[in-house]
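Inspection log for the structure reproduced underneath, given as structure tokens.
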Amino acid sequence: MRNNLSTEGKTRIVQELVPGKQITIAHLIANPDKALYKKLELDSDRDDSRSAIGTLTVSPAQAAVIAADIAIKAAGVELRFVDQSDGTLLVTGTASETEAALKAVLEYMEEKMGFAVCPLTRT
Numbered sequence: 002m003r004n005n006l007s008t009e010g011k012t013r014i015v016q017e018l019v020p021g022k023q024i025t026i027a028h029l030i031a032n033p034d035k036a037l038y039k040k041l042e043l044d045s046d047r048d049d050s051r052s053a054i055g056t057l058t059v060s061p062a063q064a065a066v067i068a069a070d071i072a073i074k075a076a077g078v079e080l081r082f083v084d085q086s087d088g089t090l091l092v093t094g095t096a097s098e099t100e101a102a103l104k105a106v107l108e109y110m111e112e113k114m115g116f117a118v119c120p121l122t123r124t
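In this note's numbering, the protein residues as written are 2 to 124.
The structure is reproduced here in structure tokens:
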């Protein structure tokens, strides 16, 4: 929600976040460069089969915990990061495992929990 407040000839904009039940980012990074793993502080040398990174942004943020549970149960992905204060989730696995995990989260959250979900994108 955006409010424009005018005081003494100056406009002040107040922005408020009103969280809904939504997944705003669902993205699969296939064959990421080792530099990306390093910047994300993910150890790319742990397992050669870890050839993809999946990321989600969930609102409300606490739902990231539910998304993490669904993702790791749906496919052989490894949970690498989950933050229930900002709704971020990172998983790694093969491209097919990561895609299956992200699709499972999107499907469950939309069909069972009534979330608005974005399409899964891929690079």
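Cβ atoms here follow ideal geometry from the backbone N, Cα and C, with glycine treated the same way.
### Length of the line joining the Cα atoms of residue 79 and residue 115
In this structure, the straight-line span from the alpha carbon of residue 79 to that of residue 115 is close to 26 Å.
#### Entry: Spatial distance of residue 91 from residue 27 (CA atoms)
CA-to-CA, the gap between residue 91 and residue 27 works out to about 10 Å.
### Task
Using the Cα positions of residue 88 and residue 104, report the straight-line distance between them to the nearest angstrom.
Annotation: residue 88 to residue 104 spans about 17 Å, alpha carbon to alpha carbon.
### Cα-Cα separation, residue 108 to residue 35
30 Å
#### Entry: 8 Å CB neighbourhood of residue 118 in its chain, flanking five on each side removed
23, 24, 27, 107, 110 and 111
### Task
Kindly indicate which three-state DSSP category residue 99 falls into: helix, strand or coil?
helix
### Message
If you measure between the beta carbons of residue 101 and residue 69, is that distance less than 8 Å?
### Response
no
#### Entry: Neighbour flag for residue 35 against chain C, beta carbons, 8 Å
Protein chain content of the structure displayed is limited to a single chain, and chain C is not contained in it.
### Proximity to residue 84 [Cα-Cα], best of 37, 43, 44 and 62
62
### Query
Since residue 53 and residue 99 are thought to touch, with beta carbons under 8 Å apart, how far apart are those beta carbons, to the nearest angstrom?
4 Å
### Message
Taking 7 Å as the limit between beta carbons, can you name the residues of its chain near residue 66, skipping five residues before and five after?
### Response
So the list reads 83 and 85, once near-sequence residues are dropped.
### Task
Tell me where the beta strand (DSSP E) around residue 90 begins and ends.
Taken as a continuous stretch (DSSP letters only), the beta strand (DSSP E) holding residue 90 covers 89-94.
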